[in-house]
Amino acid sequence: MNTPDDRTPPDLSLGIPSGELVEGKALVGKLADDLVLLVREKGRAFALGASCTHYGGALAQGIVAQGQICCPLHHARFALATGEATRSPALNPLACWNVEEVEGKIHLRGQRPAVAARPTPADSPASVVIVGGGAAGHAAAETLRQEGYAGPVTLVSADQSQPYDRPNLSKDYLAGTAPEEWIPLRPADHYRKLNLNLLVDTSAVKVNVASRSVELGDGRSLPFGSLLLATGTQPISLDVPGADGPSVLTLRTWADSKKIRAAARGARHAVVVGASFIGLEVAAALRTLGIQVTVVTPAARPMGHLFGPAVADFLRRLHEQHGVMFRLGSSPARIGHKTVTLSSGEDVPADLVVVGIGVRPVTELAQQAGIEVDDGILVDDQLETSEPGIFAAGDVARFPHPVSGERIRIEHWVVAQRQGALAAQNMLGRGRRLAIVPFFWSQHYDVTLRYVGHAAGWDEVRVDGTIDGLDARIDYLAAGKRLAVATINRDRESLEAELAFERQWADATSQ
Numbered sequence: 024m025n026t027p028d029d030r031t032p033p034d035l036s037l038g039i040p041s042g043e044l045v046e047g048k049a050l051v052g053k054l055a056d057d058l059v060l061l062v063r064e065k066g067r068a069f070a071l072g073a074s075c076t077h078y079g080g081a082l083a084q085g086i087v088a089q090g091q092i093c094c095p096l097h098h099a100r101f102a103l104a105t106g107e108a109t110r111s112p113a114l115n116p117l118a119c120w121n122v123e124e125v126e127g128k129i130h131l132r133g134q135r136p137a138v139a140a141r142p143t144p145a146d147s148p149a150s151v152v153i154v155g156g157g158a159a160g161h162a163a164a165e166t167l168r169q170e171g172y173a174g175p176v177t178l179v180s181a182d183q184s185q186p187y188d189r190p191n192l193s194k195d196y197l198a199g200t201a202p203e204e205w206i207p208l209r210p211a212d213h214y215r216k217l218n219l220n221l222l223v224d225t226s227a228v229k230v231n232v233a234s235r236s237v238e239l240g241d242g243r244s245l246p247f248g249s250l251l252l253a254t255g256t257q258p259i260s261l262d263v264p265g266a267d268g269p270s271v272l273t274l275r276t277w278a279d280s281k282k283i284r285a286a287a288r289g290a291r292h293a294v295v296v297g298a299s300f301i302g303l304e305v306a307a308a309l310r311t312l313g314i315q316v317t318v319v320t321p322a323a324r325p326m327g328h329l330f331g332p333a334v335a336d337f338l339r340r341l342h343e344q345h346g347v348m349f350r351l352g353s354s355p356a357r358i359g360h361k362t363v364t365l366s367s368g369e370d371v372p373a374d375l376v377v378v379g380i381g382v383r384p385v386t387e388l389a390q391q392a393g394i395e396v397d398d399g400i401l402v403d404d405q406l407e408t409s410e411p412g413i414f415a416a417g418d419v420a421r422f423p424h425p426v427s428g429e430r431i432r433i434e435h436w437v438v439a440q441r442q443g444a445l446a447a448q449n450m451l452g453r454g455r456r457l458a459i460v461p462f463f464w465s466q467h468y469d470v471t472l473r474y475v476g477h478a479a480g481w482d483e484v485r486v487d488g489t490i491d492g493l494d495a496r497i498d499y500l501a502a503g504k505r506l507a508v509a510t511i512n513r514d515r516e517s518l519e520a521e522l523a524f525e526r527q528w529a530d531a532t533s534q
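Just so we're aligned: the sequence shown equals residues 24 to 534 in my numbering.
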């Protein structure tokens, strides 16, 4: 779909000539105080809210495909006919208007009502327990209700807070530019309205397969008909003297981000250990707060294993331009009072140390229950574990790649959300097979990288455009086959790549 021109939006209350709305080109108009997106697919006209309900992306710059409008910003999707949010990360629907074409003009005839509740699926478990309140667990709970499931749903979360927007914790929230009210995914009373039993600050300590129950740390026992393990990952600890000191922090939870923000208020120097995208986002946020930052990593390049030399070197230059210093090929040997001693012997000043050297999947519950694990909980292409009726989704799930067949585990927010939704559907007997293309975005100052696909390794990298000019598409290929695509300021091309991979993965699963 082409980007619309900059004309003053037409007044849709007067109707518009049908000929102005052509297939493949968006038209944004105004109806009272609302901006409305008009699109035509297969001859039929649709009218929806013009801004994505996730982060306000301009849907006019997106793509219409298979009865959906796809947002170019973070790849959310909405049904053209109803406005329903059909793909994460969007949670809320778009406003949707009835459209009528009469005597060569398009008229809007009032907003359509919200999508009616679906009937209760016939093949439903007696109850559902979800362990893990992150992206996958939250998405599963909401999807169960959207799919018409009316039985008891309990969401058990060890986190102190209700489900929240985790990607923001290392970006705008940590930098102080996102207010607290942006972080919860839903208002506090939302779960009550959906009749979801949300247990926060509560640990699940044992899964009893024989009795179909989950034991909680407070002694309670929850029976389940189906169970979802969405236990996620936990940060790997730094194993050097002084790593347990009060100035050494990790970032995984909202509470962690708050601790880093509090520590940053009195800090002049910070060391970030690890150059993953989380580590570099933390570095960018701390620089925004005016703190001198040194990134320490044993790697030769920041994120070189994921993006390759060209993008990695660009990221290093970008951060150096903003005052970040790198100590590549190095690691902490000791953390002392306001200093980090490196393996090279250099002492680096540090009022604050943030460790981001990776995570490990939390598989203990599955292991003690006799469920198969291997660098994650092993699942089939419907996200069911080796134990029937028990599913796993999100960062902890290791699943078969639809094309290669190799087992992979993906630690991305949007993937976790979409897997949670799929697991919920399959708990209800939908029989949906996994064809979710990995997608993530990483923000560094005013530059955002988007990445779709999965390339554990490649033998060729093709760059279209200029990376330093902030206008590029980078294709990662093996044996001439495109495996993944990274983009800078080419949001539409990122979305096109996701749709292409999705068709390829879906074709593979249908064979």
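Built from N, CA and C at the ideal position, the CB exists for glycine as well.
For residue i, I'd like the list of residues in its chain whose CB is within less than 8 Å of its CB, leaving aside the five on either flank, ordered along the chain.
i, result
"K53", "P32, P33, D34, L35, V59"
"R141", "Q169, E170, G171"
"S280", "L192, S193, Y196, L197, L274"
"I86", "M24, I92, C93, P95, R515, L518, E519, L522"
Can you check DSSP and say which residues form a bridge with residue i?
i, result
"Y172", "According to DSSP, which records beta bridges pairwise, Y172 is partnered with nothing at all."
"N512", "Answer by DSSP bridge pairing: none, since N512 is not bridged."
"Q257", "R383"
"H161", "According to DSSP, which records beta bridges pairwise, H161 is partnered with nothing at all."
"G359", "T362"
Cα-Cα, which of the options is closest to residue i?
i, options, result
"A137", "V152, P116, K128, H360", "P116"
"E126", "F101, L96, P186, G42", "G42"
"A104", "H342, G90, H97", "G90"
"I358", "P332, L388, D397, V271", "V271"
"Y468", "T532, K128, H345, F422", "H345"
"S409", "Q442, D224, L252", "L252"
"A102", "P95, L96, R110", "R110"
"V152", "R441, E434, I413", "I413"
"L261", "V382, T510, D188", "V382"
"A118", "A162, A70, D398", "A70"
Helix, strand or coil for residue i, going by three-state DSSP, please let me know.
i, result
"V334", "helix"
"M326", "coil"
"N25", "Note on N25: pLDDT 46, under 50, position unreliable in the model; no value is reported."
"T166", "helix"
"N218", "coil"
"E304", "helix"
"N115", "coil"
"S234", "coil"
"G242", "coil"
"T532", "helix"
"A104", "coil"
"W481", "coil"
"H130", "strand"
"V319", "strand"
"F524", "helix"
"S226", "coil"
Apart from the five residues just before and just after residue i, which ones in its own chain have a Cβ nearer than 7 Å to its Cβ?
i, result
"T320", "G297, A298, L351"
"G255", "G155, G157, V385, G417, D418, V419"
"P372", "H292, K361, T362"
Pull up the distance between the alpha-carbon of residue i and that of residue j, whole angstroms please.
i, j, result
"S517", "R505", "13 Å"
"P355", "V334", "25 Å"
"L493", "V484", "17 Å"
"L303", "V318", "8 Å"
"L222", "W464", "30 Å"
"S244", "K229", "9 Å"
"I459", "E395", "22 Å"
"E64", "E107", "17 Å"
"Y214", "F422", "30 Å"
"S234", "A392", "11 Å"
"F300", "W205", "22 Å"
"N231", "Q527", "39 Å"
"P461", "F349", "29 Å"
"N220", "H477", "36 Å"
"R209", "L114", "9 Å"
"F524", "A55", "40 Å"
"G368", "G265", "16 Å"
"V263", "V316", "20 Å"
"Y78", "A68", "25 Å"
"L167", "A447", "6 Å"
"C75", "A99", "8 Å"
"N218", "G248", "17 Å"
"D212", "Q185", "11 Å"
"Y499", "T489", "16 Å"
Closer than 6 Å by C-beta to residue i: which residues in its own chain qualify, once you throw out the five before and the five after it? Chain order, please.
i, result
"D370", "T362, T364"
"A531", "P425, V426"
"V176", "V151, A164, L167, L219"
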